[in-house]
Amino acid sequence: SQKIEQNSEALNIQEGKTATLTCNYTNYSPAYLQWYRQDPGRGPVFLLLIRENEKEKRKERLKVTFDTTLKQSLFHITASQPADSATYLCALDKSGSARQLTFGSGTQLTVLP
Amino acid sequence: DAGVIQSPRHEVTEMGQEVTLRCKPISGHDYLFWYRQTMMRGLELLIYFNNNVPIDDSGMPEDRFSAKMPNASFSTLKIQPSEPRDSAVYFCASSLEVRANYGYTFGSGTRLTVV
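Chains as they are written, first to last, in my numbering: chain Y, 1001 to 1113; chain X, 100 to 214.
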């Protein structure tokens, strides 16, 4: 069956360090993968999209990698700040299925001052 | 643009009552999605529309759930009759066409409590 797994339910790191979040998937052949941020009581907010033929994408302090052989994406936040504390969700498009995103359960990140 | 607008923000209803959730997508977006989020199951896709036409409703849990999109600027999700297990946060999201480099834009959600 199809599955999206994100590493550990919660991740605590010290301010200034790099946070690394993992998204693993099985039985998917996604055309692309997306990362979202969700704060309590709010809807998810789109951060980055990476396509299957791209290895890496960056946006300010964010970096996403996509390894279709390992079926894994890594999401990095460099120079983390307490304001980065949130739940981060990865999402996959069903390949060939237009705009149908399936979300992982998320990783809750806390950046400690 | 004000983003995706959902109403109401909170809804408390008694079991057996009809509930209608509303969504106004971002103008110009071709796709509209309804998701449900719970602690146990995370974010689940219920149904999505392309150019106002329902494309896939396989995520709709039962016949008690129905969704419509009468025009490009409005969609509803209706639950009739509601049950306690329907309690969740319901999100509406919209997006541009597939090949654009965009993700979804979500609304703030409707927190539904069925007692």
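Ideal Cβ positions, reconstructed from N, Cα and C, are used throughout, including at glycine.
By the CB criterion at 8 Å, Tyr203(X) and Leu1092(Y) fall outside the cutoff. Under the Cβ criterion of 8 Å, Gly127(X) is not counted among the residues facing chain Y. Counting only residues of its own chain and dropping the five nearest sequence neighbours on each side, Thr1022(Y) has a CB closer than 7 Å to the CB of Gln1006, Asn1007, Gln1072 and Leu1074. Using a CB distance cut-off of 8 Å, Leu211(X) does not count as an interface residue toward chain Y. The residues Tyr134 and Gln136, in chain order, have a CB closer than 6 Å to that of Leu142(X) in the same chain once the five nearest residues on each side in sequence are set aside. When Cβ pairs closer than 8 Å are counted between the two stretches, the segment 113-127 of chain X is seen to touch the segment 171-183 of chain X, the count reaching three or more. Shown here, Asp1084(Y) sits in a helix according to DSSP, grouped into three states. Shortest Cα-Cα distance from Gln1038(Y) to any of Ala1079(Y), Thr1087(Y), Ala1083(Y) and Glu1009(Y) involves Thr1087(Y). As far as DSSP is concerned, Val214(X) takes part in no beta bridge. Residue nearest to Ala187(X) within the set Met114(X), Asn200(X), Leu211(X) and Pro153(X) is Leu211(X) (criterion: CA-CA distance). DSSP places Asp185(X) in the helix class (H, G or I) of the three-state scheme. For Tyr134(X), the enclosing beta strand (DSSP E) covers residues Tyr130 to Thr137. Residue environment: Pro183(X) is assigned as exposed (fewer than 16 neighbouring CB atoms within 10 Å of its CB, all protein chains considered).
Of Phe164(X), Met114(X), Leu131(X) and Gly115(X), the smallest CA-CA separation from Asn170(X) is found for Leu131(X). The straight-line gap separating the alpha-carbon atoms of Lys1059(Y) and Lys167(X) is approximately 37 Å. Ser1029(Y) and Gly1104(Y) have their C-alpha atoms spaced approximately 15 Å apart. Sequence-distant Cβ neighbours of Gly206(X) in its own chain, meaning closer than 8 Å and more than five residues away, are Gly102, Val103, Ile104, Gln105, Cys122, Phe190, Cys191 and Ala192. The straight-line gap separating the alpha-carbon atoms of Gln116(X) and Val1111(Y) is approximately 43 Å.
Per DSSP, the unbroken beta strand (DSSP E) holding Ala166(X) starts and ends at Phe164 to Asn170.
Under the 8 Å criterion on CB atoms, Tyr189(X) is classed as non-interfacial with respect to chain Y. Contacts with chain Y at 8 Å (Cβ-Cβ) do not include Phe164(X).
Taking the beta carbon of Gly1043(Y) as reference, the chain X residues within 7 Å of it are Phe190, Phe205, Gly206, Ser207 and Gly208, listed in sequence order. Here the C-alpha atom of Arg1061(Y) lies approximately 46 Å from the C-alpha atom of Gln179(X).
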